[in-house]
Amino acid sequence: MSGQPQKTWTNDPWRPEDKWAPAPKDPHPERIYKPEVLKTIEETIQGFSDELRALSLDIHAHPELSFKEYFAHDAYTKFMKEHGWDVKEHHLLETAWEATFEYGQGGRVIGINSEMDALDGIGHACGHNLIGIAGVAVSLGLRAALQKHDIPGKIVLLGTPAEESGNGKVDLLEKGAYEGMDVCLMCHPAPGPLGSISLSGSLAIQPILTEYEGHTAHASLSPWEGRNALDAAILAYNNISALRQQIKPTHRIHGIFEGQDWAPNIIPDKAKFTCLVRAPTRAEMKETATRVYPCFEAGGLATGCKVTITPVGEIWELRQNKALSDEVANIILNHHGSIDYGWGISGASTDFGNVSYALPSLHPGFAIPTVPNGGNHTREFAKAAATVEAHKQCLIISIALAGTAIRVLTDDTYFEEVKKAFEEDEEIRKLKTQLQQ
């Protein structure tokens, strides 16, 4: 990795480039916590590079949708079993899994997440093949460090389904999958200056499913007999388009129509409008959602269609733990990388946000090579997620995450800082919510 990141990304031109910090000209390796342990982690992860890349490409070649990640489930559980881990298949959810390793007694518990699902029609266009192997890499590097340096601790690697749709981590959280973890770590690829790591947050999101039911009719012979459900959905969409002019620029409202038995010579009697409302915080998201509901209702009222509005789950904003963030930043900056707090997945959402509300958590982004207009959720990003350079960047952030986990396990003062950062963030969040009400 070069000391000065390559400025090859143009995926989002309105983001100023000064949101990232280049690596220092004179890094100080002595500032690394337990450099001999980090060396063990790095050598171990790099030693597994070929196996991890083969696993990544295998997952990439077999994209699966939410809660249907059967190939990925089997590939990951087989890999972890072959490397001596205790594995629970179909753990709490059909395609979820858990791999654990414990060394010594009385150590803290490090949670790690591996995502698996892909996107309909465009495959691994969010790079979950990289996220999956990053979880494995962190776990393998961490295990080697525990064994070689006689560090007590437990590693819990969760294979988490349905991030793109389905809120898999929320289900796992409610079922107790994260109980006992002291911290939880994962990462995510994104566009950005190559060689950089992003520590931005993400948006809270409320999915809303609206169903319109009308009445069919011959569209030319007797249209007055019909109640047009498609018109209802279109009117709702237009209402929301008008509303967008009066919402904050940090908020998002977007969605799609779906039909049933549609034909151009039949008045549609059924239509679905799936809408996503996003905002920087959970409280702001709820406030904006209350302004969206009347838009749906008005579409039904204008067309005489029955309206059924159903909020579907709820994902909260990502709360990056500052103490964990600072340690990852320290490792990256001293390994000739760079850090930013502005790009990454700041405009997206993740069900890991709910996990970050439950315990100290970290979810950094890492830049992979992209082309103009080829960011997350594009076919071009799917291609980027299979490149050698993307794999290299994935291993680098995995080393930093494992190094941070070592400090959680061995530095009592630092772990108190991690807990304090979580508690202080909780207090700030509560205060902001009160001020917004």
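First residue of the sequence shown: 1, per UniProt numbering; consecutive thereafter. Beta carbons: idealized from backbone N, C-alpha and C, even for Gly.
Rounded to the nearest angstrom, what separates P5 and I197 at their Cα positions?
Taking the sequence shown and counting its residues from 1, the one referred to as residue 5 is at position 5. Taking the sequence shown and counting its residues from 1, the one referred to as residue 197 is at position 197. Since pLDDT at P5 reaches only 33, below the 50 mark, its modelled position is unreliable, and the value read off the structure follows with that caveat. Spanning the two alpha carbons is a distance of roughly 11 Å.
Could you tell me whether the Cβ atoms of L199 and I368 are closer together than 9 Å?
Locating residue 199 in the sequence shown gives position 199, counting from the first residue. Locating residue 368 in the sequence shown gives position 368, counting from the first residue. No; because the gap between Cβ atoms is not below 9 Å, this pair is not in contact.
For H391, count neighbouring C-beta atoms within 10 Å of its own C-beta (all shown protein chains included) and say buried if the count is 16 or more, exposed if not.
Numbered from 1 along the sequence shown, position 391 holds the residue referred to as residue 391. So H391 ends up on the buried side.
Could you give the DSSP three-state label for S66: helix, strand or coil?
For the purposes of this step, residue 66 is taken as residue 66 along the sequence shown, with counting starting at 1. In this structure, S66 counts as coil in the three-state DSSP scheme.
Does the segment 303-322 come into contact with the segment 244-251, if we say contact requires no fewer than three beta-carbon pairs (one atom in each stretch) closer than 8 Å?
no
If you draw a straight line from the C-alpha of I266 to the C-alpha of C305, how long is it?
For the purposes of this step, residue 266 is identified with residue 266 of the sequence shown, where counting begins at 1. For the purposes of this step, residue 305 is identified with residue 305 of the sequence shown, where counting begins at 1. Looking at the two C-alpha atoms, the distance is approximately 16 Å.
Quick one: give me the first and last residue of the alpha helix (DSSP H) that V408 is part of.
As a working note, residue 408 is residue 408 in the sequence shown. Start and end: V388 to T410.
Nearest-angstrom Cα distance between L209 and G374?
As a first step, residue 209 is located in the sequence shown; it is residue number 209 there, counting from the start. As a first step, residue 374 is located in the sequence shown; it is residue number 374 there, counting from the start. Computed Cα separation, rounded: 29 Å.
Express the C-alpha separation of A242 and G168 in angstroms, rounding to a whole number.
Looking up residue 168 in the sequence shown gives position 168. Looking up residue 242 in the sequence shown gives position 242. Near 33 Å, if we compare the C-alpha coordinates of A242 and G168.
Please list, in chain order, all residues of the same chain as L324 whose beta carbon is under 7 Å from its beta carbon, the five residues on each side excluded.
In the sequence shown, residue 324 corresponds to position 324, counting from 1. For L324, where only same-chain residues beyond five positions count, the Cβ hits under 7 Å are V183, P360, L362, T404 and V418.
Taking DSSP's pairing of strands, which residues face H215 in a bridge?
The residue given as residue 215 occupies position 215 in the sequence shown. DSSP output for H215 lists R227 as bridge partner(s).
Where do the ends of the beta strand (DSSP E) carrying F101 lie?
Position 101 of the sequence shown holds residue 101. Counting along the chain, the beta strand (DSSP E) containing F101 begins and ends at W97 to Y103.
Could you spell out the range, first to last residue, of the beta strand (DSSP E) harbouring L301?
Locating residue 301 in the sequence shown gives position 301, where the first residue counts as 1. No beta strand (DSSP E) holds L301; the alpha helix (DSSP H) holding it covers R282 to T303.
Given a cut-off of 9 Å, decide if I155 and M116 are closer than it, judged by their beta-carbon atoms.
Here residue 116 refers to the residue found at position 116 of the sequence shown. Here residue 155 refers to the residue found at position 155 of the sequence shown. Cβ distance not < 9 Å, so M116 and I155 don't count as in contact.
Around the C-beta of H73, are 16 or more other C-beta atoms found within 10 angstroms, so that it is buried, or is it exposed?
Residue 73 sits at position 73 when you count from the first residue of the sequence shown. Buried is the call here.
Is T378 helix, strand or coil by DSSP?
Taking the sequence shown and counting its residues from 1, one reaches residue 378 at position 378. T378: coil per DSSP, three-state reduction.
Which same chain residues, not among the five before or five after G344, have their C-beta less than 6 Å away from its C-beta?
As a working note, residue 344 is residue 344 in the sequence shown. Within the same chain, G344 has close Cβ partners A190, S198, S200 and G365.
Quick check: what's the CA-CA separation for G132 versus P264?
Along the sequence shown, read from residue 1 onward, the residue named residue 132 stands at position 132. Along the sequence shown, read from residue 1 onward, the residue named residue 264 stands at position 264. Cα-Cα distance, rounded: 44 Å.
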